[in-house]
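Per our numbering: the sequence shown = residues 1 to 307. Ideal Cβ placement from N, Cα and C applies to all residues, glycine included. The model shown is predicted, which means the values in this text are computed figures rather than measured ones.
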Amino acid sequence: MSQANAQITSKVLAAILSISASAPEDLEGLLFGRTREALSVIEGFLLTGRSWTLCSRGGRAVSRQAQQLVAEKQQVGQQLLGWCSLRAGFAGAEPTDRSPTFRERCMHTAVGSAMGTTPAIGCVVLRAARAEDPGALVTDSACFSGPSLAPLGFHVRSVGATNSGGGALSAPFLPVLGALQGAFAGLQSPLCAVTEAMEAAVKRALAELEPSRLDDPSAALHLEERRARELELCARTPPPSTAAPPPPPPAEERARSRTPPPAAARAAPDPARPVLPSEPERQTRPLSAVAILPTKTPAGRAARTPA
Numbered sequence: 001m002s003q004a005n006a007q008i009t010s011k012v013l014a015a016i017l018s019i020s021a022s023a024p025e026d027l028e029g030l031l032f033g034r035t036r037e038a039l040s041v042i043e044g045f046l047l048t049g050r051s052w053t054l055c056s057r058g059g060r061a062v063s064r065q066a067q068q069l070v071a072e073k074q075q076v077g078q079q080l081l082g083w084c085s086l087r088a089g090f091a092g093a094e095p096t097d098r099s100p101t102f103r104e105r106c107m108h109t110a111v112g113s114a115m116g117t118t119p120a121i122g123c124v125v126l127r128a129a130r131a132e133d134p135g136a137l138v139t140d141s142a143c144f145s146g147p148s149l150a151p152l153g154f155h156v157r158s159v160g161a162t163n164s165g166g167g168a169l170s171a172p173f174l175p176v177l178g179a180l181q182g183a184f185a186g187l188q189s190p191l192c193a194v195t196e197a198m199e200a201a202v203k204r205a206l207a208e209l210e211p212s213r214l215d216d217p218s219a220a221l222h223l224e225e226r227r228a229r230e231l232e233l234c235a236r237t238p239p240p241s242t243a244a245p246p247p248p249p250p251a252e253e254r255a256r257s258r259t260p261p262p263a264a265a266r267a268a269p270d271p272a273r274p275v276l277p278s279e280p281e282r283q284t285r286p287l288s289a290v291a292i293l294p295t296k297t298p299a300g301r302a303a304r305t306p307a
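Shown next as structure tokens:
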């Protein structure tokens with residue numbers, strides 16, 4: 001029975017993409033990991049070398065080098081899950097053919113025979129060759145599963161994740177492998193003790209915060225002091241002015257303010273001050289009737305202008 005989906009850790013995916021980006025030719029390798037509850041999680045990738053280093057051209061069995069790699073991974077608790085082919089250089093914006101080649105079909109047959117009843121996973125990573133932009137990296141991939149090479153969906157799993165969101169796609173908890181097993185086992189009891197101490201402290205704090213403590217005299221005293229401070233602050237702060245501005249004067253008052261006062265209300269003239277003719281009078285009176293004051297010459301003589 002072929003799988004519908006699988007997971008690959010972000011660390012393994014980064015390693016595969018890094019090798020594919022720098023590969024001068026086609027390479028191939030093996031995928032390792034664990035399978036639980038009909039879900040495979042790929043946790044390791046090891047290269048066997050260039051083309052036809054994983055199996056023979058007939059695809060009857062994996063090579064001796066591949067068998068050694070499988071034995072090494074079994075010692076650390078990882079089993080063989082499939083193969084990976086790194087194709088270097090396809091032309092165009094995207095590959096024209098993502099289907100497995102004859103070499104990749106032979107690899108799938110050999111790995112499937114080595115795995116027994118478990119369906120093998122095949123992954124093909126294709127890298128574009130762009131001469132006009134050598135710094136760009138364009139990759140594509142295709143994944144297969146089972147004897148019929150049915151399409152397979154890959155989901156990336158974070159290394160530090162313990163759950164991937166629930167449902168059928170969530171992977172079970174994975175055990176700690178390698179040298180970390182002893183360290184992790186030694187940390188379990190201290191972590192449990194710390195957790196129990198924290199839970200006990202929280203329970204004690206919640207028990208002390210009973211509703212009856214709110215009726216304590218000290219709590220009431222603090223409440224009254226706070227209210228008194230608030231009232232004192234409100235008394236010191238003047239309230240904002242809410243008086244409305246005075247209404248504008250009516251039209252009659254505005255017209256009356258523009259009218260000049262009557263003659264009787266005007267100030268009486270000062271008798272000691274000579275009265276000069278107004279501008280209209282100067283314009284209407286003849287020049288002979290206007291008194292012309294004498295002017296002094298530089299020699300001190302008075303010069304008169306004949307009338």
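Three-state secondary structure (DSSP) of residue i
i: Arg36; result: strand
i: Leu86; result: strand
i: Val194; result: helix
i: Ala61; result: coil
i: Gly116; result: coil
i: Arg44; result: A quick correction: the sequence has Gly, not Arg, at residue 44. In this structure, Gly44 counts as strand in the three-state DSSP scheme.
i: Leu54; result: coil
i: Arg98; result: coil
i: Ala6; result: strand
i: Ala14; result: helix
i: Val138; result: coil
i: Val76; result: coil
i: Thr162; result: A caution first: Thr162 carries a pLDDT of 48, below 50, which makes its placement in the model unreliable, though a value can still be read off. Three-state result, Thr162: coil.
i: Ala302; result: Note that Ala302 scores a pLDDT of 49, beneath 50, so its modelled location is shaky; the value from the coordinates is reported in the next line. Correct three-state label for Ala302: strand.
i: Ala23; result: coil
i: Ala179; result: coil
Cross-strand partners of residue i (DSSP beta bridge)
i: Pro151; result: Phe144
i: Glu28; result: Gly49, Ser85
i: Cys234; result: Beta-bridge pairing links Cys234 to no other residue.
i: Cys123; result: Cys84, Cys143
i: Val156; result: Ile8
Contact under 8 Å by Cβ, residue i with residue j
i: Pro100; j: Leu149; result: yes
i: Ser141; j: Met107; result: no
i: Ile121; j: Leu81; result: yes
i: Arg50; j: Ala88; result: no
i: Gly59; j: Thr117; result: no
i: Gly182; j: Pro147; result: no
i: Glu43; j: Gln68; result: no
i: Phe154; j: Ala6; result: yes
i: Ala66; j: Thr48; result: yes
Spatial distance of residue i from residue j (CA atoms)
i: Ile16; j: Thr9; result: 11 Å
i: Pro151; j: Ser145; result: 6 Å
i: Val41; j: Gly33; result: 6 Å
i: Val62; j: Val138; result: 31 Å
i: Leu13; j: Val156; result: 8 Å
i: Thr53; j: Cys123; result: 16 Å
i: Val76; j: Val70; result: 10 Å
i: Leu180; j: Glu199; result: 28 Å
i: Cys192; j: Arg204; result: 19 Å
i: Glu225; j: Gln188; result: 50 Å
i: Ala207; j: Ala201; result: 10 Å
i: Gly143; j: Arg64; result: Looking at the sequence itself, residue 143 is Cys, so the reference to Gly does not match. The straight-line gap from Cα to Cα measures roughly 25 Å.
i: Arg236; j: Leu221; result: 23 Å
i: Leu231; j: Thr195; result: 47 Å
i: Glu25; j: Ser158; result: 29 Å
i: Cys234; j: Pro190; result: 55 Å
i: Arg103; j: Phe184; result: 43 Å
i: Arg57; j: Arg105; result: 10 Å
i: Ala115; j: Leu27; result: The amino acid at residue 115 is misidentified as Ala; the sequence shows Met. One C-alpha to the other measures close to 21 Å.
i: Ala344; j: Leu223; result: Outside the modelled stretch of the chain, which goes from 1 to 307, sits residue 344, for which no answer is possible.
Cβ neighbours of residue i in the same chain (closer than 6 Å, five flanking residues each side left out)
i: Lys73; result: Phe32
i: Arg364; result: In the structure as shown, the chain begins at 1 and stops at 307. Residue 364 is therefore absent and cannot be evaluated.
i: Arg229; result: none
Beta-carbon contacts of residue i that lie in its chain and below 8 Å, excluding the five residues immediately before and after
i: Val125; result: Ile16, Leu17, Ser20, Cys84, Ser85, Leu86, Arg87, Thr139, Asp140, Ser141
i: Phe45; result: Val12, Ala15, Ile16, Gly29, Leu30, Leu31, Phe32, Cys84
is_contact[residue i, chain D] using C-beta, thresh 8 Å
i: Gly186; result: The structure shown has no chain D; it contains just one protein chain.
Sequence-distant residues of the same chain with beta carbon closer than 7 Å to residue i, five excluded per side
i: Gly186; result: none
Contact test: residue i Cβ vs the ligand GTP heavy atom, cutoff 7 Å
i: Ala201; result: As for the ligand GTP, it is missing from this structure, which has no ligand bound.
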